Amino acid sequence: MPDHEPLTPADRACEHSLGQLRPRVALDRDRLIYEVGKVCGRRQLQLWRGLTAVLGGVLLVSFIHGPRGPESLPAGRSAAFAPPPGEVLSLRQVPQVVEYFDAQQRTPVRVVVPMEIVCAPVHSQE
Amino acid sequence: MELTDLTNLFDAHASALTLYARGWLGDDAAHDVVQDVFVRLASARRPQNPKAWLFCAVRNAAISHLRSAQRRQNREQLVAQGRPGWFEPAPGAALDAAAAQQALAALAATPREIVTLRLWGGLSFAEIATLTGAPLSSVYDQYHAGISRIRQTMEASCPTTNR
């Protein structure tokens, strides 16, 4: 500070003595650390809450607009083999349940056929 | 900011910052302001000059707090509520802590702020000029006048005046 007069020796000594006084600290360092932790924890909590809300929203949208499962397909048709009147089924003609998926009509089909004609074409009933 | 960094800054500057805040506020409010500033610093990026940042933040917070407090009661009442004991009483010290507090409190606001920043905050005159927005020459003049005024007030306590 070349343009200004320096402090007088008396002021300089007083300045030195004043500088040796230590300001009192009434603040608690542990309390400060606790407060800092609280603020950081609050921020993390908000982050997790936000993340949970976003994931919940995504889940809800996927429920509403997501692809449908096979259980939502039209109800399946079933067909039953009936022996001609007057005929009795032999043991080799025990009815058996066969299930397949009709790709053209996109429906599962269940038919009951005698074992002997499993591979024969079956007339299906609604 | 790292916690160790923060605690180091706290150890180095908390007392001076509290003294600085007491220039405007009572004890409890000064503590709250300083603590809030450290909490803010913890969640902020480390400033280039943390010491200057801390004093600037405390200054702004203290003035803001004072303005809101003035709506309820005037500053004199607030200061009167402040408990004594700005300095640690030291038996072997050249100056009496209570007398120094009285002399400092008797200063006008601007020289008191500058003396506090310089003596206990350890800021340079240039940093004080930046912080207060006053010209450098004015800062020095105010500091000079403040020290002289304190010496005159404490004439009985200052060792140099007893010679």
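Chains as they are written, first to last, in my numbering: chain G, 8 to 133; chain X, 50 to 212.
Ideal Cβ placement from N, Cα and C applies to all residues, glycine included.
No experiment lies behind these values; they were computed from the predicted model shown.
Collapsed DSSP secondary structure at residue i in the structure displayed
| i | result |
| --- | --- |
| residue 15/G | coil |
| residue 30/G | strand |
| residue 95/X | coil |
| residue 137/X | coil |
| residue 51/X | coil |
| residue 211/X | Bear in mind that a pLDDT of 43 at residue 211/X, under 50, signals an unreliable position, so the number given afterwards is only what the model happens to contain. In this structure, residue 211/X counts as helix in the three-state DSSP scheme. |
| residue 113/G | coil |
For residue i, the nearest candidate out of the options (CA to CA)
| i | options | result |
| --- | --- | --- |
| residue 32/G | 61/X, 51/X and 103/X | 61/X |
| residue 203/X | 92/X, 166/X, 143/X and 183/X | 143/X |
| residue 43/G | 117/X, 59/X, 178/X and 77/X | 59/X |
| residue 67/X | 53/X, 148/X and 86/X | 86/X |
| residue 141/X | 24/G, 68/G, 19/G and 109/G | 24/G |
| residue 199/X | 163/X, 177/X and 176/X | 163/X |
| residue 134/X | 116/X, 154/X, 117/X and 115/X | 154/X |
| residue 40/G | 88/X, 77/X, 82/X and 83/X | 88/X |
| residue 54/X | 160/X, 94/X, 72/X and 165/X | 94/X |
| residue 71/X | 181/X, 56/X, 193/X and 161/X | 161/X |
| residue 114/X | 74/X, 167/X and 177/X | 74/X |
| residue 104/X | 151/X, 52/X, 169/X and 76/X | 169/X |
| residue 100/X | 190/X, 117/X, 186/X and 179/X | 179/X |
| residue 104/G | 16/G, 20/G and 116/G | 116/G |
Cutoff 7 Å; reference residue i; Cβ partners in own chain excluding five residues on either side
| i | result |
| --- | --- |
| residue 80/X | 67 |
| residue 63/X | 83 |
| residue 165/X | 68, 69 and 72 |
| residue 136/X | 146, 149 and 150 |
C-beta neighbour in chain C for residue i, strict 7 Å
| i | result |
| --- | --- |
| residue 200/X | Looking for chain C here will not work: the only protein chains present are G and X. |
Range of the contiguous alpha helix (DSSP H) that encloses residue i
| i | result |
| --- | --- |
| residue 42/G | 36-72 |
| residue 176/X | 174-181 |
| residue 198/X | 185-202 |
| residue 160/X | 158-168 |
| residue 154/X | 146-155 |
Residue i: first and last residue of the uninterrupted beta strand (DSSP E) it sits in
| i | result |
| --- | --- |
| residue 102/G | 102-109 |
Residue i classed as buried or exposed, judged by whether at least 16 other C-beta atoms fall within 10 angstroms
| i | result |
| --- | --- |
| residue 193/X | buried |
| residue 212/X | For residue 212/X, the predicted model reports a pLDDT of 40, less than 50, meaning its position is unreliable; a value from the coordinates is still stated below. Per the 10 Å Cβ criterion, exposed. |
| residue 177/X | buried |
| residue 127/G | Residue placement at residue 127/G is poorly supported in this model, since its pLDDT is 47, which falls under 50; the coordinates still yield a value, given next. Under this definition residue 127/G is an exposed residue. |
| residue 71/G | exposed |
| residue 30/G | buried |
| residue 22/G | buried |
| residue 172/X | buried |
| residue 107/G | exposed |
| residue 107/X | buried |
| residue 152/X | buried |
| residue 77/X | exposed |
Cβ shell of residue i (< 8 Å), same chain only, five flanking positions each side left out
| i | result |
| --- | --- |
| residue 196/X | 164 |
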